[in-house]
Structures are given as structure tokens and as C-alpha cells.
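Enquirer:
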Amino acid sequence: MDEDPTPYEALVQCRDRAGSDSQMARDLQVSQPKVWRWINQSKLLPAEYVLTAEDFYGVSRHHLRPDIYPASQTIAQEDPGEECGPILSARNNAVACDQQPKMQRRDVA
């Protein structure tokens with residue numbers, strides 16, 4: 001069974017991949033004592049460093065801060081049936097910028 005690491009375990013994983021608190025601090029452009037406090041006191045990486053840490057160390061943003069970056073949930077595609085099929089297929093083909101043209105006064109017959 002493959003379990004996700006806790007946010008604290010993901011933070012420690014970042015530090016381990018960096019090699020030291022000092023290197024992680026340099027990578028994230030913060031002081032070494034700040035990294036120490038994250039690991040030993042708050043046990044949570046602040047939100048503003050999550051994406052940078054993900055880029056540097058390859059630890060998922062979801063693992064670092066699941067409260068901010070929830071796991072993507074895929075919705076199973078089901079057959080909509082006869083009643084809703086035409087409606088849903090048209091809805092799925094719509095584009096966000098599709099708008100009905102607005103008629104100007106002079107366009108009215």
C-alpha cells in the first residue's frame with residue numbers, strides 16, 4: 001500500500017534532497033535558522049515556498065501542503081443516457097469564450 005507522506009515528512013524529504021538545512025535555505029533564498037524553524041517548530045513549509053521547493057526537489061506540492069493543493073480528483077465518465085446525452089455533449093463542446101452575437105439596433109429587421 002503506497003501512502004502519501006505527511007506534510008512534515010515531505011518537508012524533511014526536501015531537506016534530505018537538498019543535503020542540508022543550509023543548502024535548502026540557499027535554494028529557497030531564506031536564512032538557515034528559518035529552515036530549521038520550519039522543520040523543528042512549525043513542521044510545515046510556508047505556502048509561499050511550496051512551488052519553489054517542488055521545482056528544486058521534486059516533492060509534490062500536494063504532499064507539502066495538502067490544505068492548499070488538494071489531490072486532483074478525476075470524475076469517472078458515465079453514460080449520460082438518452083435524456084441528457086444531447087444536452088451534456090453540447091455542454092462539453094462549449095468554449096468559455098463562445099458568446100452569442102449581440103444585435104445592434106440597426107441589425108433588427
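Using UniProt numbering, the first residue of the sequence shown is number 1, and each one after it goes up by one.
Ideal placement from N, C-alpha and C gives every residue a C-beta, glycine not left out.
1. Would you mind sorting Asp27 into buried or exposed? The rule is 16 or more other CB atoms within 10 Å of its CB.
2. Report yes if the CB atom of Cys14 is closer than 7 Å to the CB atom of Tyr57, and no otherwise.
3. Please report the straight-line C-alpha distance between His62 and Asp55, rounded to a whole angstrom.
4. Which ranges does the alpha helix (DSSP H) cover as unbroken runs of at least 4 residues, wholly within the stretch 10-77, from first to last along the chain?
5. Give the straight-line distance between the Cα atoms of Leu11 and Pro5, rounded to the nearest whole angstrom.
6. Taking the alpha-carbon positions, what's the Asp21 to Asn40 distance?
Expert: The relevant details are as follows:
1. The sequence position of residue 27 within the sequence shown is 27, counting from 1. Flag for Asp27 reads buried.
2. What you label residue 14 is simply residue 14 of the sequence shown in a count that begins at 1. What you label residue 57 is simply residue 57 of the sequence shown in a count that begins at 1. In this structure, Cys14 sits near Tyr57, with a CB-CB distance shorter than 7 Å.
3. Residue 62 sits at position 62 when you count from the first residue of the sequence shown. Residue 55 sits at position 55 when you count from the first residue of the sequence shown. If you draw a straight line from the Cα of His62 to the Cα of Asp55, it comes to about 13 Å.
4. Counting whole runs of 4 or more residues, the stretch 10-77 contains the alpha helix (DSSP H) stretches 21-28, 32-37, 50-57 and 61-64.
5. Taking the sequence shown and counting its residues from 1, the one referred to as residue 11 is at position 11. Taking the sequence shown and counting its residues from 1, the one referred to as residue 5 is at position 5. Straight-line Cα distance between these residues: approximately 9 Å.
6. Locating residue 21 in the sequence shown gives position 21, counting from the first residue. Locating residue 40 in the sequence shown gives position 40, counting from the first residue. So the alpha carbons of these two residues sit roughly 11 Å apart.
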